[in-house]
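Undergrad: Residues in the sequence shown are numbered consecutively from 28, following the numbering used here.
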Amino acid sequence: GAEIKDFSVQTGITVNEGESVTFQCSVDSCPKSVITLRRESDGMMMKTVANASQVQYWVQSANCLDADNYTCSASNNISQPAVRTIQFFVKCHPRLDFRVSFVNVTYSKYLRDAVLRYTVISYPPPRFTWTFLVNGSESRELPNSAKQFDYGQQSELRFTRLDTSDFGSYRVTADNTINEPATVIIWLLIR
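(1) I believe valine 142 touches glutamate 183 by the beta-carbon criterion, under 8 angstroms. Please report the beta-carbon distance rounded to the nearest angstrom.
(2) With DSSP as the reference, identify every bridge partner of glutamate 30, one or two as the case may be.
(3) Per the DSSP calculation, lysine 136 is bridged to which residue(s)?
(4) Output the distance between the C-alpha atoms of threonine 191 and serine 128, rounded to the nearest integer angstrom.
(5) Considering only C-alpha positions, which residue in the set Asp124, Val82, Leu189 and Val42 is nearest to valine 211?
(6) Identify, in the order they occur along the chain, each residue of the same chain with its Cβ nearer than 8 angstroms to the Cβ of asparagine 103, setting aside the five sequence neighbours on each side.
(7) Which residues mark the beginning and the end of the beta strand (DSSP E) in which threonine 210 is found?
(8) Taking three-plus beta-carbon pairs below 8 angstroms as touching, is the segment 192-209 in contact with the segment 154-171?
(9) Does the segment 100-116 come into contact with the segment 39-50, if we say contact requires no fewer than three beta-carbon pairs (one atom in each stretch) closer than 8 angstroms?
(10) Between which two residues does the beta strand (DSSP E) containing valine 72 stretch?
(11) For the 8 angstroms Cβ check, are there 3 or more pairs between the segment 143-160 and the segment 171-182?
(12) Isoleucine 213 and threonine 133 look like a contact to me (Cβ under 8 angstroms); what is the Cβ gap, rounded to whole Å?
(13) Sort Gln175, Ser100 and Ile148 by Cα distance to arginine 111 and report the nearest one.
(14) Taking C-alpha atoms, which residue in Tyr97, Tyr84 and Ile205 lies nearest to valine 48?
(15) Candidates Arg188, Ser135 and Ser68: which alpha carbon is nearest leucine 92's?
(16) So alanine 209 packs on arginine 122, CB below 8 angstroms; how close in whole Å?
(17) Mind checking serine 88: buried by the 16 CB within 10 Å criterion, or exposed?
(18) Applying the 10 Å Cβ sphere with the 16-neighbour rule, what's the burial state of leucine 10?
(19) Glutamine 51 to proline 108, Cα distance in whole Å?
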């Protein structure tokens with residue numbers, strides 16, 4: 028059967044955004060194998076080579092969305108395919124995650140509940156800070172009805188039993204110490 032001797036990223040498993048990256052997989056097998064490199068999250072085949080003992084895949088400029096688990100599989104039809112997976116990280120400053128719908132205006136009613144949500148792409152994971160804006164600029168502590176919940180790349184500001192003074196604009200900032208933080212304004216309006 029086939030055996031994977033090495034599956035690695037030549038620059039290391041953590042790179043800065045914009046750096047070029049080479050994935051390399053070396054296989055020991057007789058006869059030679061069909062070697063395939065794939066992204067785990069979407070199953071996208073990056074490269075496949077037949078009758079080979081090694082495969083390389085070059086990424087000219089790594090970006091935030093290249094962070095994923097990557098798999099090298101090798102098969103020479105003698106036994107089960109050999110598979111090895113590595114986790115790959117790309118350091119990048121936070122930015123709005125366009126794969127998730129962003130709602131910048133949320134409507135609710137007096138004494139009802141509401142949720143404001145902000146999702147970013149970022150590595151390392153960000154720290155989120157929410158502030159209540161008075162007259163659009165002056166920041167104030169969050170109201171007692173609001174509680175912040177963070178889940179890695181996403182932050183929620185959950186309100187229970189809204190008071191009339193809770194309605195207005197909220198600023199949320201995601202910061203991970205790489206370059207500039209990402210800030211948006213989200214409105215909570217009474218209906």
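Idealized CB from N, CA, C, for every residue including glycine. Please read all numbers here as calculations on a predicted model, not as lab measurements.
TA: Reading it off the structure:
(1) 6 angstroms
(2) Asp55
(3) DSSP, once it has assigned bridges, lists no residue as partnering lysine 136.
(4) 27 angstroms
(5) Asp124
(6) Gly28, Ala29, Ser56, Cys57, Pro58, Lys59, Ser60 and Val61
(7) 209-217
(8) yes
(9) yes
(10) At residue 72 the sequence reads methionine, which differs from the valine that was named. It spans 72-79 - the beta strand (DSSP E) in which methionine 72 sits, taken as one unbroken run.
(11) yes
(12) 7 angstroms
(13) Ser100
(14) Tyr84
(15) Ser68
(16) 5 angstroms
(17) exposed
(18) Because the chain spans 28 through 218 in this model, residue 10 falls outside it and cannot be assessed.
(19) 17 angstroms
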